[in-house]
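Presented below is the structure to which this report refers.
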Amino acid sequence: MLLYLVRHGKTSLTSNNSNLVQGTIDAPLSPGGYTQAQKLAEHLRLVPFTEAWTSPLAAAQETAKVILSQQPSGKAQLHVDDRLGAKCMGITESKHCGEVKGDLEAHKAEDGDIFMAAHSSNNSVKARLHEWLTELLNTHTPSVSTPQSPTSPFPPLSPLSSTLPRSPASTGNFTPSDLIRALPRPGFPRRPSSRSSSGATGLGGGSGSGVILVLTHQECLEKLFEMLNVDESVDEGDESEGKVKKVPLSMYVSEGIDMENSSLGNTSVAILRVWWERVESDEEMGSVLEARGRLEAWGMKDHLD
155 MLLYLVRHGK
165 TSLTSNNSNL
175 VQGTIDAPLS
185 PGGYTQAQKL
195 AEHLRLVPFT
205 EAWTSPLAAA
215 QETAKVILSQ
225 QPSGKAQLHV
235 DDRLGAKCMG
245 ITESKHCGEV
255 KGDLEAHKAE
265 DGDIFMAAHS
275 SNNSVKARLH
285 EWLTELLNTH
295 TPSVSTPQSP
305 TSPFPPLSPL
315 SSTLPRSPAS
325 TGNFTPSDLI
335 RALPRPGFPR
345 RPSSRSSSGA
355 TGLGGGSGSG
365 VILVLTHQEC
375 LEKLFEMLNV
385 DESVDEGDES
395 EGKVKKVPLS
405 MYVSEGIDME
415 NSSLGNTSVA
425 ILRVWWERVE
435 SDEEMGSVLE
445 ARGRLEAWGM
455 KDHLD
């Protein structure tokens, strides 16, 4: 299974390099943002998306719809989920970054409640993203395992020679051609998992495959991968109880990807490959399937070149 995680295009609030704090302000795409979305849609036109998820904010929904409008099959259904929504930035929203620089630094340090009234904490953002990803993985977990681990339909990509130049698009040791070759081929079963009328499913029953488009925001992408790449657990957001949850999958970051120093510009793309491996559990449960992941691209924006 492949997840294409995309940041939305530029909005009317942040166009013309206005450098405003947007947060949860629901601004639509600017003309420039719409152009970015169109370029990305053309770039991803032959990626066979089987389903799509988006933040409820207008810019994310509009970007997702532009991308899906270029799909030859047009079969991917778009789901709106509040858990993919932007992080609330409290009293700094709609203000110039320079004007509230101190407040933003306090907020980044976790959590400047005195300065950032009504803001979202980093832990609360991680908690809702944890919940969303866990449900998505549960939906797609294969219900029937085989002696072979139900991994990606293609073998892992072989690292390129260290003598080859690396792309500035932060795709690890893989060229764009490598990534394209790794996509599901036409004719390969790409059955999306069955859904109830409410759109929810239980554990298992999925095919373990699919290509999923996800539209969200910069801070959500950063917190999601921070959770998967660094933490062994995530705070549920209830400080009084101090509960933690295990991360939804064990993630490997491909060599050459520098997440700390690679920016996530508007309409940039991250690609996460997910598969399931059989692991031994306790005597009662026997072996179980656990999700594994490999980050194969981060901050890709070749479509804007």
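Per the numbering used here, the sequence shown starts with residue 155, numbered consecutively. Positions of the beta carbon are idealized from the N, C-alpha and C atoms, including for glycine. Please read these numbers as outputs of a predicted model, since none were measured by experiment.
If you draw a straight line from the alpha carbon of residue 357 to that of residue 446, how long is it in whole angstroms? Legend: pLDDT at residue 357 = 44, less than 50; position of this residue unreliable, value from coordinates given subsequently. Their backbone Cα atoms lie some 16 Å apart in a straight line.
Flag this pair as yes or no: are the beta carbons of residue 217 and residue 191 separated by less than 7 Å? With respect to the 7 Å criterion, residue 217 and residue 191 are classified as neighbours on the basis of their beta carbons.
With 16 as the cutoff for other CB atoms within 10 Å, does residue 226 come out buried or exposed? exposed
What does the Cβ neighbour count give for residue 415, buried or exposed, with the cut at 16 atoms within 10 Å? exposed
Any idea what DSSP makes of residue 205, helix, strand or coil? strand
Residue range of the alpha helix (DSSP H) that residue 454 falls in? Per DSSP, residue 454 belongs to no alpha helix (DSSP H); it is in the beta strand (DSSP E), 441-454.
Alpha carbon of residue 292 to alpha carbon of residue 285, nearest angstrom: 11 Å
With hydrogens ignored, establish whether the beta-carbon of residue 371 is closer than 6 Å to any heavy atom of the ligand ZN. This structure simply doesn't include the ligand ZN, nor any ligand for that matter.
Pick helix, strand or coil for residue 381, following the three-state DSSP scheme. helix
Residue 368 versus residue 456: straight-line alpha-carbon distance, rounded: 18 Å
Can you name the start and end residues of the beta strand (DSSP E) that residue 366 belongs to? 365-370
Outcome for residue 276 when other beta-carbon atoms lying within 10 angstroms are tallied against a minimum of 16: buried
Using the Cβ count rule (16 or more neighbours within 10 Å means buried), how would you classify residue 164? buried
Just mark residue 366 as buried or exposed, buried being the case when its beta carbon has 16 or more other beta carbons within 10 Å. buried
In the DSSP assignment, what residue or residues form a beta bridge with residue 432? 443
In terms of DSSP beta bridges, what is residue 405 paired with? 447
From 287, 424, 419, residue whose alpha carbon lies closest to that of residue 402: Looking at the Cα atoms, 287 is the closest of the given residues.
Who are the Cβ neighbours of residue 461 in its own chain at under 6 Å, not counting the five residues just before and after it? Any property of residue 461 remains undetermined from this structure, which presents the chain solely from 155 to 459.
From residue 188 to residue 434, what distance separates their C-alpha atoms? In this structure, the alpha-carbon of residue 188 lies about 48 Å from that of residue 434.
Got a sec, what are the start and stop residues for the beta strand (DSSP E) residue 231 sits in? Segment 231-234, the beta strand (DSSP E) holding residue 231.
Residue interval of the alpha helix (DSSP H) (run including residue 291): Membership of residue 291 in the alpha helix (DSSP H) is indicated by the continuous run 276-294.
Any idea if residue 241 is buried or exposed, counting beta-carbon neighbours within 10 angstroms, 16 or more meaning buried? The residue in question, residue 241, is buried, as its Cβ has 16 or more Cβ neighbours within 10 Å.
Going by beta carbon distance, what residues of the same chain come within less than 8 Å of residue 155, once the five residues before and after it are set aside? 294, 306, 362, 363, 364, 365, 366, 427, 428, 429
Nearest neighbour of residue 221, chosen from 185, 459, 421, 425 [CA to CA]: Nearest of 185, 459, 421, 425 to residue 221, Cα basis: 421.
With residue 194 as the anchor, note down where its beta strand (DSSP E) starts and where it stops. Membership of residue 194 in any beta strand (DSSP E) is not indicated; the residue belongs instead to the alpha helix (DSSP H) covering 185-197.
Give the DSSP-derived three-state secondary structure of residue 211 in the structure shown. coil
Can you tell me whether residue 308 is buried or exposed, with buried defined as 16 or more other CB within 10 angstroms of its CB? Because the pLDDT at residue 308 is just 42, under 50, the model does not fix this residue reliably, and the value given afterwards should be weighed accordingly. With fewer than 16 Cβ atoms within 10 Å of its Cβ, residue 308 is classed as exposed.
Quick one: using the 10 Å Cβ neighbour count with 16 as the cut-off for buried, is residue 453 buried or exposed? buried
Exposed unless 16 or more other CB atoms sit within 10 angstroms - verdict on residue 184: buried
Using the Cα positions of residue 281 and residue 197, report the straight-line distance between them to the nearest angstrom. 32 Å
Could you check what DSSP says for residue 165 in three-state terms: helix, strand or coil? Shown here, residue 165 sits in a strand according to DSSP, grouped into three states.
Residues near residue 373 in its chain [Cβ-Cβ closer than 6 Å; skip 5 each side]: 241
Residue 220 bridges to which residues according to DSSP? DSSP, once it has assigned bridges, lists no residue as partnering residue 220.
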